[in-house]
Amino acid sequence: MGKSVWLLRSVWVSVTFLTFLFFEFSLQAQPDGQKLFNQNCARCHKVHQDFTGPALAGVTEEHEEEWLLSWINNSPAMIAKGDDYAVEIYEEWDKQDMPAFPQLDEADIRAVLAYIEAETERGPGATVADAGEPGAAAETDDAGIKTILIVISVILLLIALALARIQGSLNRLVKEKAGEPVPEPLTIRKIIRNRKVAAAAVIVVVVFLCAKLYDGAASLGRQQGYQPTQPIAFSHKIHAGINQIECKYCHFNAEKSRTAGIPSVDVCMNCHDAIQDYPEEVFSGNTGTEEIAKLLAAHENNAPIEWIKVHNLPDHVFFSHAQHVKVADIECQECHGPVEEMDELHQHAPLSMGWCVNCHRDTEVNIMDNEYYSIYEQLHKDLKAGKIDRVTAADMGGTECQRCHY
Amino acid sequence: MATKKYWKGLAERAPDKAFEAQQQREFPEDLPVDELFKDNVLQAKAPRRDFLKMLGFSATAATLAASCEIPVRKAIPYVLKPEVVTPGKASWYASSFVRGGDYCSILTKTREGRPIKIEGNPLSSITQGGTHARAQASVLSLYDGQRLKGPHQKSKPAEWQQVDRQIKKKLNAIRERDGKIAILTSTILSPSTRQVIRDFAEAYPNVRHVTYDANSCAAMLDANEQTFGVRAVPGYRFDKANVILSFDADFLSTWISPVEYTKQYSKKRKVSKDNPEMNHHVQVESMLSLTGSNADYRLRVHPSQLGLVLVQVYNKVARLAGANTFNAPAPEGANKKLVDQTVRKLWKNRGRSLVVTGINNVHLQKVTNALNSLLENYGKTVRLRKPSYQRQGSDVEVQQLIKDMKDGQVDALLVHDVNPAYSLPNAKAFNEGLGKVALSVSFNDRLDETTSQVQFACPDHHGMESWNDAEPRQGYLSLSQPTIAPLYDTRAFPESLLKWMDAEHKTYYHYIQEYWKANYFPRQDKYNDFTKFWNKVLHDGIFEPEPDTEDDLPEFTGIDQSVIKGLASYSKGLEGQALVLYEKTAMGDGRYANNPWLQEMPDPISKVTWDNYLAVSQSFAETHNLKNSIRQSKGLIKAVDTVRVKANGADVELPALIQPGIAENTVAVAIGYGRTKAGKGGNGVGKNVFPLARFTKAGLTLAAGNVSVEPAGNTYELAQTQTHHHLEGRPIVKETTLDEYKKDPFAGNEEYKDQEKIKKLRETTLYKPHKGLKEGHHWGMAIDLNACIGCGACTIACQAENNVPVVGKEEVKKHHEMHWIRIDRYYSDDPDNPEVVHQPMLCQHCDNAPCENVCPVAATNQSSEGLNQMAYNRCVGTRYCANNCPYKVRRFNWLDYTGADSFPWNENIAEGAMSSDLTRMVLNPDVVVRSRGVMEKCTFCVQRIQDSKLQAKSHGKKLKDGDIKTACQQGCPADAITFGDQNDKASKLSRKHRDERNYYALEILHTLPSVSYHTKVRNKAKEDKDTNTQQV
């Protein structure tokens, strides 16, 4: 009887758990209308006012869902087909094409429409109150699991210690009963007083301190993790992450020059001429609109923005972005870390000489496809003959002093 | 030839014991050990407590240093980024360097909107991509903190509005009373500016434009006017001349258009096995000039005899031509053989020869014209149809103006780009006259000797801040464009004139455009649209509608016997103890005095920096008991006795430096020094010797006769370079004669005949060569000693490119100069009239470098591309490398020369030399600024190598031969330097390295240098060479 109750109970628990799990999963799988709207539509449309394209408030009431699905999916095709209403809109908006969105499936488009509907109901001027940060939640979860694991390990360790002690006491009791000689118990005091142990401990401590000192000395002037507060709370996450703007759109010098270049205000204004509202709160605590206002003020007053340089190389180092980005085709993230996940930018890599040199030693150079490298005849021969399987920057002098110091 | 003895100075030629002892010293100066450890610190014992104290202090200091916060650096982008500016990349603009008559067509390199380097514009057929030291250094003058920062009234700052109002009021008053206005300017190359002056002359009555050149060529202009009806300098074509005879014309260094002439001249000095021909150059002069040092034969004559030699040559040619001769005495003790030989050569090369005279005397110039006419050179090597405008001054008009000023005949004087109060021999008269002028305005860029005396200073822009045009030769036009917004509240000179005219005001930029639209746009048919035409010219920097062709000469009207009378009076005036005034390559007529790069550039002949001095001959020194010695005080310093020179009513005390090559009874001194109001860098450097000159009816004579030179009893320390290294008799320069070269291309370089043996010897080594050298690039350089004229343009080009600091006179005295490329000058043969070789010396980038294996911290090592690398931030300053370098090309930062040190007592800053925030703007951001205590040296312009490699990689293309040009190579007006890849067997450099004349300096030491030299070839008969005495 008891056994069957236990069985029932466990089945019930499992089912509930799984249900929760799947429910959770299905919730997450639901497309995020707001995100999709921001990514795809916001460049030309606003909900409550006309922009490059018409305002979208009430669009779901005006049109059949069927028509909307097909329009959003491929409006040029509809115009070509001669759909009356499609052509009418096209004419009305100065024959501006709305691009097709083949990447959005029906569920996506429905989600976008649902978002528009919700926004329509909310009315103009309302802010989104509950813009939860899924990333932050995930981080807390991770942290929680870690804490639990640590607590469990500590408990287990304590149990093991207690058990060992009990076993020791029992053994002693057995030996006492048998009349055998009982060794002195090994106390902590005894261990500490032991000369060998003390010597070993001193050596360990000294080695540890020396290592720490060396690390500290070597990192003097290095700023790994440096995360200054910038004059404008610019979020790389919003730009490069959520909105998927290519790094080199703003840092367009990276392929041409030594410096990747901080974009000038006019580059920002390419987009922010239109995007001036961002009612959500950004990491600085202000709303995006407030931060964008600082940019607009700079533009208005012709006052350059004094960004704080995050990645500083010493003056005697000559580093060229063009060499690394254009010639070597290295991803920005390799040195700058997951910028698209950073709200406020910080220095990801140590930018130390050892770090540079290691990469020069390890990174394979594609010498076959660039005619410049044809002068390295021996390397080409060895590569063909299979004597070497790859050529690194260091093989061509990439670790020599005057490649970077002059 | 290997037995020939070379010497760097007279002391080395006949060494005494003290000199030999000095050469044996490891360091030229005593190490300041005693000074540092005064209190017997060396003997003191360090007790344990002190040790612990020191330890504690160090640890605390380290901790404190470590806890210092890293400074916050800002990155401030543009608000509106200009399309053409890419941060981190240079932009180049074609422009022109114009200072008075000095001209170079240039390309200006700007980084983030500030000009940092000047290079020659290869499109110009005048300067053909060459530059001289002055043009290279002009970028530093832009950042001169002593320039006027706005208009001044009575030397006090004022506002433009207020100044304009007052000047206009005064001008109007002068107009009403029909007064006289004089505009005194230097040679103006800009046709638009000349038009503005003409317009101004229409707007105001009685405007007289007087052109004044301090080192005048007025006599030549007068002579050409009288004999051809063309008042201009002819367009010379040294590249068409097989025989060149020059009378005191320093045409490779200072005379009229040295870059143009050097380009032409050096084309005829490059010999190869296939074309073993070169020009034949004879120089007749009184003191050893740079041009004279390059001549095949040099006739050393007393100044009073120069004209007589000229007439003698004329007479001999006239006899051959069947023309009339002149009755003139033969020059004293003439070397008949050399004169006859030169005459024969000239006659044989009629139409392919050239005679030039640098003496500013109308009679001598007329004889020169007659001689060139007899030799049928007009239209061929001397072209008057398209004359040069690079000297326009008139001595007669200047003197007339001064007279009128003194008589109160001038109501307004506008002074532009000249400094008569300094450079006129009769400056006192000028100053007196200036006081009588109702309105005096100066457009000079600083409160100089003249400007500080005028009522209004309306400073002109620097050439790099303003729009302008230039016509150095008729039909050869070029544009100047601003490469930076004006640093100060200055205004272009023509713009000021436009503003003061009552005409409707327009900017000078529009004025130039309109002028071009009316005058030059119709002279081409390629562009219908003016804007397109303008943009094209602006892009190229030049507009040369018609090619230079041989022309029909204007009729030569002939000369009469009166020239002989004039000549006799010229000679008479220079009799007895003569004094010659000359111009230095760097300093010009004094206008560059506040440019520390030029001040510190060693004189090509004497190697003296930061001074002028009286050059005297050995025999003169002996008779006057003048000593030159090496003095032991904080180093071994050149100390010379001073003399008092009296001539033309002026007297100056000057240090007397013994120099070879000076005629008997002659002394020489450079003009352009002794400025009192040039700025902190130039004030009080040397002595002003303009007062020793005089005006005659025949022109300004930069010489004097019957001069009194008496010992003044003082000694003076000179900062002279190239005195502190010793050759130990090793052959470092090689030379031969053209005849021998024709017989055997290995002449003078016989050691290299057995190429197989050389190859084997080169490969024999104890050290393993760098394994990467055969793969990829292996950079190298070849320097043609036959092309190099020793002008020093490379030194300044390198200084600008590589942030080489200026150290100042005191440091040069201690042999602490920092130039990465120096030019060594070696004398040989006759001490009275020596032969000279100029040898540029820079890091040889040895494949087996002696400097590398003595460095305890491996701060200097070999790269796989053959560069001898120097990692400054690793260097700890032991100076072992410099000690072990046989070429002595390593430079040590004894002090902080750029003012970047945290401790002021470590700094040693020459005024105006890259030491203030303003002057530091000239620094090249691609090259690190070295700090105190580190070694530095030539890098083969590694920043340019890296940049060119990157460009090639980015485009996926092979690096082309010639893509990389080092700064010295680019700046060289003689194309003496070739840089390239030794592994590329088809490269120009590899061909040069295979040449028969190719040799390596001190190859016996087995250093395996990457820099090679080419034997110098003299166009000289062998027998003359052995007995080289052409003393007249």
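Protein chains in written order, with numbering that gives the first Met the number 0: chain A, 0 to 405; chain B, 0 to 1031.
By construction, the Cβ of each residue, glycine as well, lies at the ideal position given by its N, Cα and C atoms.
Residues that DSSP places opposite residue i in a beta bridge
i	result
H280 (chain B)	B:I243
V1043 (chain B)	Given that chain B is displayed from residue 0 to residue 1031, the structure contains no residue 1043 (chain B) and the question cannot be resolved.
E834 (chain B)	B:S827
A703 (chain B)	B:L578
R113 (chain B)	B:R110
S95 (chain B)	B:S104
Coarse secondary structure for residue i, derived from DSSP in three states
i	result
D163 (chain B)	helix
D1036 (chain B)	Any answer about residue 1036 (chain B) is impossible in this case: the structure gives chain B only from 0 up to 1031.
K583 (chain B)	strand
R188 (chain A)	helix
F442 (chain B)	coil
F694 (chain B)	strand
S215 (chain B)	coil
P190 (chain B)	helix
P768 (chain B)	coil
S303 (chain B)	helix
C842 (chain B)	coil
W254 (chain B)	coil
F455 (chain B)	strand
Nonlocal neighbours in the same chain, by C-beta distance under 6 angstroms from residue i, ignoring five residues either side
i	result
G681 (chain B)	A592, N593 and R674
Y114 (chain A)	G32, Q33 and F36
P458 (chain B)	L147, D444 and T489
L220 (chain B)	R230
Endpoints, beta strand (DSSP E) assigned at residue i
i	result
V397 (chain B)	Per DSSP, V397 (chain B) belongs to no beta strand (DSSP E); it is in the alpha helix (DSSP H), D394 to K405.
R674 (chain B)	No beta strand (DSSP E) holds R674 (chain B); DSSP gives it neither H nor E.
R299 (chain B)	Y296 to R299
C103 (chain B)	D101 to R110
V354 (chain B)	S352 to T356
Outcome for residue i when other beta-carbon atoms lying within 10 angstroms are tallied against a minimum of 16
i	result
F317 (chain A)	buried
K169 (chain B)	buried
M97 (chain A)	buried
Y1012 (chain B)	buried
L412 (chain B)	buried
P233 (chain B)	buried
N518 (chain B)	exposed
Beta-carbon proximity list for residue i, same chain, < 8 angstroms, skipping 5 on both sides
i	result
V324 (chain A)	K247, A253, E254, A259 and C331
D946 (chain B)	D925
Q145 (chain B)	R445, N593, A677, G678, K679, G680 and G911
Span of the alpha helix (DSSP H) around residue i
i	result
A796 (chain B)	A792 to E800
L294 (chain A)	G287 to N300
R931 (chain B)	Here R931 (chain B) belongs to no alpha helix (DSSP H), and DSSP marks it neither H nor E.
P257 (chain B)	P257 to K266
H415 (chain B)	Unbroken run through H415 (chain B) is the beta strand (DSSP E), A411 to H415; no alpha helix (DSSP H).
Contacting residues, own chain, Cβ-Cβ under 7 angstroms from residue i (five flanking each side not counted)
i	result
G306 (chain B)	L363, L566, Y569 and S570
R761 (chain B)	L1007
R878 (chain B)	F891 and M934
V316 (chain B)	V342, L345, W346, L370, L373 and L374
G771 (chain B)	S863
Short CB-CB distance (under 7 angstroms) between residue i and chain E
i	result
V875 (chain B)	Of the protein chains in the structure, A and B, none is chain E.
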